[in-house]
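I have placed the structure first, in the form of structure tokens, so that the comments after it can refer back to it.
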Amino acid sequence: MKIMICGKGGSGKSSLSVLMAKALSEKFKVYLIDSDESNTLLPDMLGVKPPKPIVEYLGGRREIFKKGEVNIVKALAKAGEGIALSELPEGYVSTSREGISLIIIGKVRNFGEGCACPLNFITRTLLKNLILSEDEVVLVDTDAGIEHVGRGVEQGSDAILAVVDPTAESLKLAKLLKEEFKPLNKKFWLVLNKATPNLVKRIEGKVRDLNLQIDGVIRFDESVFESCLEGKPLTAKEAFQDVKNLVKEIGILS
Ligand SMILES: Nc1ncnc2c1ncn2[C@@H]1O[C@H](COP(=O)(O)OP(=O)(O)OP(=O)(O)O)[C@@H](O)[C@H]1O
Ligand SMILES: [Mg+2]
Numbered sequence: 148m149k150i151m152i153c154g155k156g157g158s159g160k161s162s163l164s165v166l167m168a169k170a171l172s173e174k175f176k177v178y179l180i181d182s183d184e185s186n187t188l189l190p191d192m193l194g195v196k197p198p199k200p201i202v203e204y205l206g207g208r209r210e211i212f213k214k215g216e217v218n219i220v221k222a223l224a225k226a227g228e229g230i231a232l233s234e235l236p237e238g239y240v241s242t243s244r245e246g247i248s249l250i251i252i253g254k255v256r257n258f259g260e261g262c263a264c265p266l267n268f269i270t271r272t273l274l275k276n277l278i279l280s281e282d283e284v285v286l287v288d289t290d291a292g293i294e295h296v297g298r299g300v301e302q303g304s305d306a307i308l309a310v311v312d313p314t315a316e317s318l319k320l321a322k323l324l325k326e327e328f329k330p331l332n333k334k335f336w337l338v339l340n341k342a343t344p345n346l347v348k349r350i351e352g353k354v355r356d357l358n359l360q361i362d363g364v365i366r367f368d369e370s371v372f373e374s375c376l377e378g379k380p381l382t383a384k385e386a387f388q389d390v391k392n393l394v395k396e397i398g399i400l401s
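The C-terminal residue of the sequence shown carries number 401 in the numbering used here, and the numbering is unbroken.
As structure tokens, this is what we get:
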């Protein structure tokens, strides 16, 4: 299964990606794909060294559109037919002690180096051409907002998990995501993050007004906040418990 973790900036996409990866790693081989062209904390959150970015393997961002989908697949698919993440070359995957493999698409770092379009193109191509076995799950931690939707990155994914924090802006974006993906027949889950008991009731009303439905609630967790503040491997208490329940309730883990 290929799941995109989407949502407003700062809603908790990366934190939930890592916690979901940990929860799912008990049963699946989990690949975590970092498709955010800006933030760089995901390796620290997972407790691994950053792998080399895939864009480098493909010859750099200027080469991507020249290569096109066919040649990207050729370069990444060793066995021919489609791309198997287990076959990516050494150095381009970092694996955590839980067995979660992190893959980084690429980052924009320098003034005037150009937009993130080639990076989005790689993610889209990768997802579309991935061959997954039954025991493999791919989680994609996306960049904030909606750019990747405009670029069709989600095309090859099976499900969208929209993370909302307790803000009207976050809910508005989740509504937009749901509507955009409805015609594509993908699973759609809405998860409220950083929840405190008094906020849940207030948010529930707003969610109903928007004709949405909450599929999971993740509590505000001091440990998550603290690990991100220090840039250390993510530790979580209540939030991890909630994520474990979430993956069962939405049916990824039985
Ligand atoms: N359940 C939680 N409890 C407490 N703090 C949280 C929780 N989830 C996320 N946070 C905090 O919210 C901030 C943003 O989290 P995170 O980086 O995961 O969000 P993001 O959506 O990936 O952000 P970006 O859009 O910048 O990629 C961090 O300080 C993190 O510690
Ligand atoms: Mg993030």
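Where is the CB? At the ideal position from N, CA and C, for every residue including glycine.
Relative to the C-alpha of residue i, which candidate in the options has its C-alpha closest?
i: T270; options: D191, C375, S304, I350; result: S304
i: I479; options: L357, L274, N358; result: Within the shown structure, residues of the chain are numbered from 148 to 401, placing residue 479 beyond reach of any answer.
i: S161; options: E228, L286, K214, P330; result: L286
i: L308; options: R244, L320, E385; result: L320
i: Y178; options: V390, V255, V240, G229; result: V240
i: R209; options: L266, W336, D290; result: L266
i: N332; options: I350, L346, T314, Q302; result: Q302
i: A291; options: A226, D181, L279; result: D181
i: E396; options: M167, E281, K155; result: M167
i: R244; options: V195, K221, I211; result: V195
i: K329; options: V310, A306, A315; result: A306
i: G398; options: G238, L277, G363; result: G363
i: G246; options: V217, P197, E173; result: E173
i: I350; options: F372, E377, K225, E316; result: E316
i: N257; options: E294, K221, L357, E184; result: E184
i: I211; options: L235, F268, M148, E260; result: F268
i: F175; options: L279, L235, K254, G238; result: L279
i: E216; options: K341, V296, L277, G238; result: L277
Within 7 Å: the Cβ of residue i and any heavy atom of ligand 1?
i: C153; result: no
i: I125; result: Past the edges of the chain, shown from 148 to 401, lies residue 125, and the structure says nothing about it.
i: G253; result: no
i: A224; result: no
i: S248; result: no
i: S243; result: no
i: G157; result: yes
i: A168; result: no
Within the present structure, is the beta-carbon of residue i separated from the nearest heavy atom of ligand 2 by less than 7 Å?
i: S370; result: no
i: S161; result: yes
i: N186; result: yes
i: D356; result: no
i: D191; result: no
i: D183; result: yes
i: D312; result: no
i: D389; result: no
i: D288; result: yes
Cβ of residue i less than 8 Å from any chain E Cβ?
i: S317; result: In summary, chain E is missing from the structure at hand, where a single protein chain is found.
Taking residue i and residue j to be in contact with their CB atoms under 8 Å, please state how far apart those CB atoms are, rounded to whole angstroms.
i: K322; j: F335; result: Actually they do not touch by this definition, with Cβ atoms about 11 Å apart.
i: I361; j: V354; result: 6 Å
i: F367; j: T343; result: 5 Å
i: S158; j: D312; result: 4 Å
i: V338; j: V310; result: 5 Å
i: L223; j: K214; result: No, L223 and K214 are not in contact; Cβ-Cβ is about 11 Å, not under 8 Å.
i: I152; j: T289; result: 6 Å
i: S370; j: K384; result: 5 Å
i: L400; j: L193; result: The pair is not a contact, with the Cβ atoms about 19 Å apart (cut-off 8 Å).
i: R298; j: C262; result: Not quite, the Cβ-Cβ distance comes to about 10 Å (not below 8 Å), so this is no contact.
i: L357; j: L318; result: 6 Å
i: E234; j: K221; result: At roughly 13 Å, the Cβ-Cβ gap does not stay under 8 Å, so E234 and K221 are not in contact.
Could you give the uninterrupted runs of the beta strand (DSSP E) lying entirely in the segment 306 to 378, keeping only those of 3 residues or more?
Unbroken beta strand (DSSP E) runs of no fewer than 3 residues, entirely contained in the segment 306 to 378, are found at 306 to 311, 334 to 342, 363 to 366, following chain order.
Within 8 Å, do at least three Cβ pairs link the segment 180 to 188 to the segment 222 to 230?
Flag = no, the segment 222 to 230 and the segment 180 to 188 do not touch.
Across the segment 191 to 201 and the segment 241 to 252, are there enough close Cβ pairs to call them in contact, namely three or more that are closer than 8 Å?
Yes: at least three Cβ pairs fall under 8 Å.
Mind the definition here: the segment 388 to 396 touches the segment 163 to 170 only if three or more C-beta pairs lie below 8 Å; say whether that holds.
When C-beta atoms of the segment 388 to 396 are compared with those of the segment 163 to 170, three or more pairs fall below 8 Å, so the two segments count as touching.
Hey, which unbroken runs of the beta strand (DSSP E) at 3 residues or more fall wholly within the segment 195 to 276?
List check, beta strand (DSSP E) in window: 248 to 251.
At which residue ranges does the segment 149 to 184 contain complete alpha helix (DSSP H) runs of 4 or more residues, listed in the order of the chain?
If we require 4 residues or more, the alpha helix (DSSP H) runs fully inside the segment 149 to 184 come out as 160 to 171.
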